[in-house]
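K.L.:
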Amino acid sequence: MCGRFTQTASPQVIAQQFGVTPPPLFTSRYNIAPSQPIAAVRIDPDTTTRTLVMLRWGLIPSWAKDPKIGNQCINAKGETVAEKPSFRSAFKKRRCLVVATGFYEWQVQGRMKQPMWIGLESKEPFAFAGLWEHWQPTEGDPLETCTIITTEPNALMAPIHNRMPVILPPTAYEQWLDPGFQQVEPLKALLRPYSGEESIAYPVSTLVNNPRNDVPQCLEPVSV
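For the sequence shown, the positions run -15 to 208 when the numbering used here is used.
1) Assuming the contact rule is C-beta atoms closer than 8 angstroms, Pro126 and Trp119 should be a hit. Round their C-beta distance to whole Å, please.
2) Would you list, in sequence order, the uninterrupted alpha helix (DSSP H) runs of no fewer than 4 residues that lie entirely inside the stretch 96 to 174?
3) Since Phe(-11) is in the beta strand (DSSP E), which residue starts that stretch and which ends it?
4) Is the number of C-beta pairs between the stretch 83 to 91 and the stretch 167 to 177 that are closer than 8 angstroms three or more?
5) Which one of Ser183, Met96 and Glu136 has the shortest CA to CA distance from Ile102?
6) According to DSSP, is Pro62 helix, strand or coil?
7) Do Leu39 and Glu128 come within 8 angstroms of each other at the CB atom, strictly closer than that value?
8) How long is the line joining the alpha carbons of Gly3 and Gln(-4), rounded to whole angstroms?
9) To which residues does DSSP link Val82 through a beta bridge?
10) Check whether the Cβ atoms of Tyr14 and Thr32 sit closer than 8 angstroms, and answer yes or no.
11) Please classify Met100 as buried or exposed, where buried requires at least 16 other C-beta atoms within 10 Å of its C-beta.
12) According to DSSP, Thr35 sits in a beta bridge with which residue or residues?
13) Against chain C, does Val188 count as a neighbour if the rule is that its beta carbon must be under 8 angstroms from one of theirs?
14) So is Pro121 buried or exposed if we call it buried at 16+ other beta carbons inside 10 Å?
15) Return the residue from the list Ala185, Pro149 and Gln166 that minimises the CA-CA distance to Glu63.
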């Protein structure tokens, strides 16, 4: 699963990388956790152009009675995302790019779990394959939420964990974002492990174990 990640790119870099207008206020995040707002790119239904929005991490299906279901929907398995009731509608026409610069996973080492940071060696931002939903409660304002799709690990990730988030190449962005493109098999073909050729992984402090620690020190390598 993917339960924590980082987003430390500047607004200008994000705008250039994803073809969106730079956000006016955007802070670096070093330990993003479920239920928090995260930056995502999607197609604006009114302008049909890419737009950067903030979505709450943990997808709540439009039919849900209880928003707590979002706590169980922070990830969607790529192998079953097109069939699962919680995700199949969003998979057809509400796909997004979740902006990230890296993610954390915990590697079992004997009796302990060592947090690892995984990202591009260049530290440039990339995109997780995501889905989003619009949920209207009985009372109050609507919520827009999202999930991150996962797949089997690549060679870099295999010794660390048995799953990893789907990282889309820039060449796939247009097709993934297009709500008019709804062919299941070509979309599922995009949900494969990232090649990992430009990726790195290194151990970090157990500071990341607590989501309240959203500080640069979370990213610093440690000796183990």
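All C-beta atoms, glycine included, are put in the ideal place defined by N, C-alpha and C.
P.N.:
Quick answer:
1) For this step, residue 126 is matched to residue 142 along the sequence shown. For this step, residue 119 is matched to residue 135 along the sequence shown. For Pro126 against Trp119, the beta-carbon gap comes to about 6 angstroms, under 8 angstroms, which counts as contact.
2) Here the runs fully enclosed are 157 to 161 and 168 to 173.
3) Here residue -11 corresponds to residue number 5 of the sequence shown, with the count starting at 1. For Phe(-11), the enclosing beta strand (DSSP E) stretches over residues Phe(-11) to Gln(-9).
4) No, they do not touch.
5) On the sequence shown, position 118 is the one that residue 102 refers to. Across the set Ser183, Met96 and Glu136, the C-alpha of Ser183 shows the shortest separation from the C-alpha of Ile102.
6) For this step, residue 62 is matched to residue 78 along the sequence shown. Here residue 62 is Gly; the residue named in the question, Pro, does not match the sequence. Coil, per DSSP.
7) In the sequence shown, counting from the first residue as 1, residue 128 sits at position 144. In the sequence shown, counting from the first residue as 1, residue 39 sits at position 55. Contact annotation: Glu128 and Leu39 have beta-carbon atoms nearer than 8 angstroms.
8) As a first step, residue 3 is located in the sequence shown; it is residue number 19 there, counting from the start. As a first step, residue -4 is located in the sequence shown; it is residue number 12 there, counting from the start. When rounded, the distance between both Cα atoms is 10 angstroms.
9) Here residue 82 corresponds to residue number 98 of the sequence shown, with the count starting at 1. Bridge pairing for Val82: Ala24 and Phe112 [DSSP].
10) Residue 14 sits at position 30 when you count from the first residue of the sequence shown. Residue 32 sits at position 48 when you count from the first residue of the sequence shown. The criterion of a C-beta distance shorter than 8 angstroms is not satisfied by Tyr14 and Thr32.
11) By one-based count along the sequence shown, residue 100 stands at place 116. Classification of Met100: buried, given that the 10 Å Cβ count is 16 or more.
12) Numbered from 1 along the sequence shown, position 51 holds the residue referred to as residue 35. For Thr35, which the question treats as bridged, DSSP gives the partners Arg26.
13) No chain C appears in this structure, which consists of one protein chain only.
14) On the sequence shown, residue 121 is found 137 positions in, with the first residue counted as 1. Its Cβ having fewer than 16 others within 10 Å, Pro121 is exposed.
15) The count along the sequence shown starts at 1 and reaches residue 63 at position 79. Of the candidates Ala185, Pro149 and Gln166, the one whose C-alpha sits nearest the C-alpha of Glu63 is Pro149.
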